[in-house]
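One gets our numbering by counting positions in the sequence shown from 1 and adding 15 to each. The beta carbon of each residue, even a glycine, is placed where N, CA and C say it ideally should be. Computed from a predicted structure; not experimentally measured.
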Amino acid sequence: MITQVTPESLKERAFQTIIKDYLINHNGYSEGFNENYDNHYAMDTKLLFDFLEVSQKKKIDRLKSIYKENYKAKIIENLDRTLTLRGSIHVLKHGIKDYGVHLDLAYFKPPTTLNPDQFALYEKNILSVTEELKYIDEKRIDLVLFLNGLPIITMELKNPFTGQNYKNAISQYKKDRNSKELLFRFKERSIVNFALDTDQVYMATKLAQDKTYFLPFNKGNDGGAGNSEVFGKMKTYYLWEEVLRKDSLLEILEKFIYINKVEDIKVNGDVSLKETVIFPRYHQLNCVREILDHVRKKGTGNKYLVQHSAGSGKTNSITWLTHRLASIHDEQNEVIFNGVIVVTDRTVLDEQLQSSIYQLEHKLGLVAKIDKDSSQLKDELEKGTKIIISTIQKFPHILKELSGTKDKKYAIVIDEAHSSTSGKNMMALKESLSLEEAADLAIKEESKIVDTEDKINNELEKFVDDSNVSFFAFTATPKGTTLKLFGKQRHDGKHYPFHIYSMRQAIEEGFILDVLKNYMTYKMYYKVGKHIEDDPTFDKAKAAKSIARFVSIHPHNIYQKTEVMIEHFRNSTRKKIGGQAKAMLVTSSRKHAVRYKLAFDKYIKEKGYSNLKTLVAFSGKVKDEYMDEELSESKMNDGLKESSLPKEFDKDESKVLIVADKYQTGFDQPKLHTMYVDKKLSGVRAVQTLSRLNRIYPGKEDTFILDFANDPEDIKEAFLPFYKTTVLDNDIEPNEIYTIYNEIFDKQVINKEDVIKFVDLIYTKKESKNAKALMENYVNNTSNRIDEFSREEKIEIRSLFKKFISLYNLIIQIAPFIDSELHRLSIYLRYLIKKIDIESTGGIDITDKVILEYYRLKEGKEESIYLEDEEDIGVNVKVAGGSTAKEDETDYLSSIINNLNDRFGTDFSDSEKLAVEQIRNSLKNDKSLELKARANTAENFRHAFEPSFDGKIIDEYGKNQNFYGKVLTDESFKNKLMDLLMLEVYNHFQEQVRS
């Protein structure tokens, strides 16, 4: 049934009435009325007894004989008391006892059709919907859904055609719905609260005023957040047409909802229990249901790949799927799987599986953990244990055991497991190896390391007869071999996951951060930093330490890079996350890690920097010429055990972790903000490594990557399969900030006085209601003017504001400077943007509190790698650097020197011709450059030419320090010389082709 909705019909009929009518007319709901709602007990007492007296007449008659005419009041009192003690989820699933009489408060659908009596009871459930429920005094809420008289869902609805949307509904829950009011009291009554409009749905299972955390409950829109258009329907139709169907909602209540309990250990050692009601997000619900439907139809012997990004809630998805697979029946009422084996190395999954499945099933002995020897697995299989948890290492043995059980069928659920530490390296590094040789050896070793994913794939390729076994693999970043083994082949010949929750959707919904948003190569870092230093509008006294002399860092000049990284960390990173931010340096080899650790500690000691401790992580031992003995990770970390390193890194004083292969995958440290990369990365490894930064954390609003070794295009290609297309724009002009600043005020919507007064109140940190009201007014003065704009004008001005914030935060990332007007505006705009409402994608807002320290904000943009639809690659690529030289600028060597002297005021003589000639000849003899010249246009060739040119300059530096010193310290001079030589070298190679 299509919900036909037009703007006109929404003006004539309330949105809530449309949903209510659909639930009643098409989903079998009854209509509830305010006169039957008991405010004191927060339940529909009429429907409660309508259900009890029809479904359990003999039991009610027994209680009537005990309580006489007062039986209803007594039952309600007992029910209320049990709800307070045990919660509504427990009561609905397990009922209550009253004078020895057990009363069921709900009946759930039996797994088979073999028990018609149980199915008849299931049919007696009464789902009802009450519109404009007066839940206390004259307070109303749009819709409340009841199951047998008990409230289970509240809904606040907004209609964009009347100028409000789901954000207003969320605000209403936070400001107007008191979590102490019985209807909303955590666990005791309503289980989930929906805030929605015609475009988007959000949900919260616990109201806590301003601290209420709403999660998106959207289907996704072309791989991103939100919902897509559906002809003839509202975008959110699926909520009332599909999710709230009787069978669907009762299944969710029985099979998905549970309370997650986690012990919270305080600093003083006190332990408290943190409880969270878990209600599935849409993609989790959809994933589990689609897999189960396929299993029912196709039986065993199939493979399923679930590609769910970090932030998707994979642990819960695996828990729900495992529980359901253990009891699923086919259409002939036969059990499909004799057991389910979960393969994982995560203790959190092991603990949650056992806890949550007990809540869902309320039976002991369903779950067994294999933590001893191989015979334990055999024993559990013979006993018929429904769910067995085992480690990745035992996977080959599992397959061997299952191959001998042809009469039984099993499901194997494989949890993503990228080991956080590497395997042992093939040999200790000898001290005679150069850094370059060490890097090459590390690359060879890494190529031979078989990670967990590869091991699983290798074992599965050997597992020939798998007709009695189904595999369900969960991963965020599947390798090609994994896709081929587990994915489904489509008509185009490619293999695809069975279900996807993309990285893009996770980012847009606010569950992870976009690590590519603030990605910067060293070349760009230098360019912007140098521009800032040379520009009189920036305060040089407050600028970061000069990096001009590092214009062309030698690939293995560790000390120079050390200075860049430590000074960047001190000037920028350490102020992030309220001073809690940490950094990771990814190195090319164990020898690089050792050298960097020594260099970092030496530099920190020389400068007298306090509260900046480094740690190093690498496997095995390394012998280095700088030390008399072999070095191990533990020795370099002052005796710290390897297993204790993650906990040590979490401490406040531990700021930088230097790694060689270890901790690049599977390492979860949410305070990790910055990554310095001095290692070539590619493919899935690049995604896994850089994604160490993506975890959200209170106060963490961005990340930063400074890459010494990779090309942005390679990083883009690595991320593309897990996101969507790419537009790379990294040509940055710092002074543009003033152009944008003036353009903003030219719009005549912001009063500078409002900006000044607003920021003054932030810095005084006043928490009074009056101060908050004033701040709100200063922002509203502007937002009210913008409200009068058309949608297109709103999009334009919001884009302008974001552009200002991004560029401002880029500049202070490189070198802090003082310009109070720019800083004030950047703060004001961050709050103002929240007020500009344009059909947003609805990401979770994690920027409620702006931490202001030393003029630092946290939503910056350095070089952004944007990933969208692959079909849309109308690639907009701008790469920093000089323009291509014109042909008439090439000349004899003496003319090149004269050209440079005229342009830059230098006085190099013809004797410099020898230096230029040596470089030119060396470039012309470069076979790699020759191949690139033949395959590219002159413009594209320049990108390959530049690193070769830089290398030749460094090699020749000692022969003419005066001339090459100018090249290394003056970017414009270098670019001009490079352009003059580039075209000559390019033409030389092209002529060879023609001849």
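With a 10 Å radius around its C-beta and 16 neighbouring C-beta atoms as the bar for buried, classify residue i as buried or exposed.
| i | result |
| --- | --- |
| isoleucine 1022 | A query on residue 1022 cannot be resolved here, the shown segment of the chain reaching from 16 to 1010 and no further. |
| phenylalanine 760 | exposed |
| lysine 555 | Residue confidence for lysine 555 is low, a pLDDT of 38 falling below 50, so the modelled location carries little weight and cannot support an answer. |
| asparagine 977 | exposed |
| glutamine 703 | buried |
| valine 982 | buried |
| leucine 230 | buried |
Could you name the residues of the same chain whose beta carbon sits closer than 7 Å to that of residue i, not counting the 5 residues immediately before and after it, in chain order?
| i | result |
| --- | --- |
| leucine 837 | Ile752, Tyr756 and Tyr823 |
| arginine 304 | none |
| serine 342 | Pro126 |
| isoleucine 820 | Ser841, Leu844, Arg845 and Glu874 |
| leucine 789 | Leu776 |
Quick one: residues in its chain with C-beta nearer than 6 Å to the C-beta of residue i, no 5 flanking neighbours on either side, listed in chain order?
| i | result |
| --- | --- |
| threonine 862 | Low confidence applies to threonine 862: its pLDDT is 31, below 50, so where it sits in the model is not reliable, and the reading given next is rough at best. Cβ within range, chain order: Glu716. |
| valine 355 | Thr337, Leu340, Ala341, Ile402 and Ala426 |
| tyrosine 86 | Leu78 and Lys79 |
| leucine 944 | Ser963 |
| phenylalanine 486 | Lys318 and Ile427 |
According to DSSP, simplified to helix, strand and coil, what is residue i?
| i | result |
| --- | --- |
| glutamine 322 | strand |
| leucine 531 | coil |
| histidine 607 | helix |
| proline 231 | strand |
| threonine 680 | coil |
| methionine 518 | helix |
| phenylalanine 919 | helix |
| histidine 338 | helix |
| arginine 1042 | Residue 1042 is absent from the structure shown; the chain starts at 16 and stops at 1010. |
| proline 126 | coil |
| glycine 698 | helix |
| isoleucine 385 | coil |
| valine 892 | Confidence is the limiting factor: at valine 892 the pLDDT is only 25, short of 50, which leaves the residue's position unreliable and the question unanswerable from this model. |
| glutamine 504 | strand |
| alanine 443 | Residue confidence for alanine 443 is low, a pLDDT of 48 falling below 50, so the modelled location carries little weight and cannot support an answer. |
| serine 166 | Note that residue 166 is proline in the sequence shown here, rather than serine. Looking at proline 166 - three-state DSSP - the assignment turns out to be strand. |
| isoleucine 711 | coil |
| lysine 555 | With a pLDDT of 38 at lysine 555, under the threshold of 50, the modelled position of this residue cannot be trusted; read the value that follows with caution. Reduced to three states, the DSSP call for lysine 555 is helix. |
| serine 194 | coil |
Could you pull out every residue in the same chain whose Cβ sits closer than 8 Å to the Cβ of residue i, ignoring the five residues on either side in sequence?
| i | result |
| --- | --- |
| glutamate 106 | The question names glutamate, but residue 106 in the sequence shown is valine. Hits under 8 Å: Leu94, Thr97, Leu98, Leu120 and Leu165. |
| lysine 15 | Since the displayed the chain opens at 16 and closes at 1010, residue 15 lies outside it and no answer follows. |
| threonine 128 | Phe134 and Asn348 |
| aspartate 345 | Arg311, Gly314 and Ile351 |
Please report the distance separating the alpha-carbon of residue i from that of residue j.
| i | j | result |
| --- | --- | --- |
| glycine 47 | tyrosine 228 | 29 Å |
| phenylalanine 816 | glutamate 768 | 18 Å |
| lysine 124 | aspartate 729 | 52 Å |
| lysine 911 | lysine 694 | According to the sequence provided, residue 911 is isoleucine. The question's lysine does not apply to it. About 36 Å. |
| glutamine 187 | arginine 806 | 24 Å |
| lysine 173 | tryptophan 255 | 15 Å |
| phenylalanine 988 | asparagine 913 | 13 Å |
| lysine 74 | lysine 112 | 11 Å |
| methionine 599 | threonine 754 | 36 Å |
| lysine 387 | histidine 688 | 39 Å |
| phenylalanine 199 | lysine 670 | 43 Å |
| isoleucine 33 | asparagine 193 | 27 Å |
| lysine 35 | valine 286 | 45 Å |
Please confirm whether any heavy atom of the ligand GDP lies closer than 7 Å to the CB of residue i.
| i | result |
| --- | --- |
| arginine 605 | Summarising the ligand content, the structure contains no ligands, and the ligand GDP is consequently not present. |
Would you say residue i reaches chain C, if we count a Cβ-Cβ gap shorter than 8 Å as a contact?
| i | result |
| --- | --- |
| lysine 190 | Included in the structure is just one protein chain, with no chain C present. |
**Prompt:** Any chance the stretch 937 to 949 sits against the stretch 991 to 1005, with 3 or more Cβ pairs inside 8 Å?
**Reply:** yes
**Prompt:** Is the stretch 661 to 675 in contact with the stretch 603 to 614, if contact means three or more CB pairs nearer than 8 Å?
**Reply:** Note that the stretch 661 to 675 touches the stretch 603 to 614; at least 3 beta-carbon pairs, one per stretch, sit closer than 8 Å.
**Prompt:** Okay, do the stretch 262 to 276 and the stretch 365 to 384 touch, 3+ Cβ pairs below 8 Å being the bar?
**Reply:** yes
**Item:** the stretch 296 to 313 / the stretch 202 to 215 touching (three or more Cβ pairs under 8 Å)
**Value:** no
**Request:** Examine the Cβ distances between the stretch 137 to 149 and the stretch 63 to 75 and report whether three or more of them are shorter than 8 Å.
**Result:** yes
**Prompt:** Taking one C-beta from the stretch 955 to 974 and one from the stretch 937 to 947 each time, how about it: are there three or more such pairs within less than 8 Å?
**Reply:** The stretch 955 to 974 is in contact with the stretch 937 to 947.
**Message:** Within 8 Å, do at least three Cβ pairs link the stretch 313 to 323 to the stretch 515 to 531?
**Reply:** yes
**Prompt:** Using 8 Å as the Cβ pair cut-off and three pairs as the minimum, do the stretch 244 to 263 and the stretch 210 to 224 touch?
**Reply:** yes
**Request:** Answer yes if the stretch 651 to 668 comes into contact with the stretch 575 to 584, meaning at least three C-beta pairs across the two stretches below 8 Å, and no otherwise.
**Result:** By the Cβ rule, the stretch 575 to 584 does not count as touching the stretch 651 to 668, because fewer than three pairs are nearer than 8 Å.
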